[in-house]
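Trainee:
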Amino acid sequence: MHGKLVVITGAGREGQVGEAVAAAFGAQGAVIALIDVDAEQVAARARTLHAAGVDARGYAVDLTDANALADTTAQILADHPEQTGVTALICLAGG
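In structure tokens form, the structure reads like this:
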């Protein structure tokens with residue numbers, strides 16, 4: 002997974018499965034894009050991963066808003082111009 006872009010939804014709250022999945026992919030060298038509806042929480046998870054040496058960024062978006070999701074997807078790809086696309090999409094949002 003080294004250098005591959007992995008997008009994980011539902012990865013904002015501390016102690017939830019999204020955090021563990023992100024850490025596992027990060028440990029394999031993946032580039033992580035975290036998505037969650039709560040901007041503060043997803044930013045905190047990204048900072049925690051980044052402090053551990055993982056290339057991680059957080060994006061706040063309501064997944065029920067198709068236009069906002071399309072904009073966020075475009076932003077993720079713009080933020081990672083070295084990527085040709087998303088290698089894995091892990092959907093954990095929704096409790």
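FYI, in this note's numbering the residues of the sequence shown are 2 to 96. Note that the Cβ used here is the ideal one computed from N, Cα and C, for glycine as well.
Whole angstroms are fine: how far does the CA of residue 63 sit from the CA of residue 92?
Mentor: As a first step, residue 92 must be located in the sequence shown, where it is residue number 91. As a first step, residue 63 must be located in the sequence shown, where it is residue number 62. Cα to Cα, residue 92 sits roughly 13 Å from residue 63.
Trainee: Find the nearest neighbour of residue 109 within the set 22, 19 and 37, judged by alpha-carbon distance.
Mentor: There is simply no residue 109 to check, as the chain begins at 2 and stops at 96 in what is shown.
Trainee: Which same chain residues, not among the five before or five after residue 49, have their C-beta less than 7 Å away from its C-beta?
Mentor: Here residue 49 refers to the residue found at position 48 of the sequence shown. So no residue of the chain qualifies.
Trainee: Using 8 Å as the threshold, is the segment 25-33 in touch with the segment 44-59, meaning 3 or more CB pairs across them?
Mentor: Flag = yes, the segment 25-33 and the segment 44-59 touch.
Trainee: In three-state terms, what does DSSP make of residue 48?
Mentor: The residue given as residue 48 occupies position 47 in the sequence shown. In the structure shown, residue 48 sits in a helix (DSSP, three-state: H, G or I).
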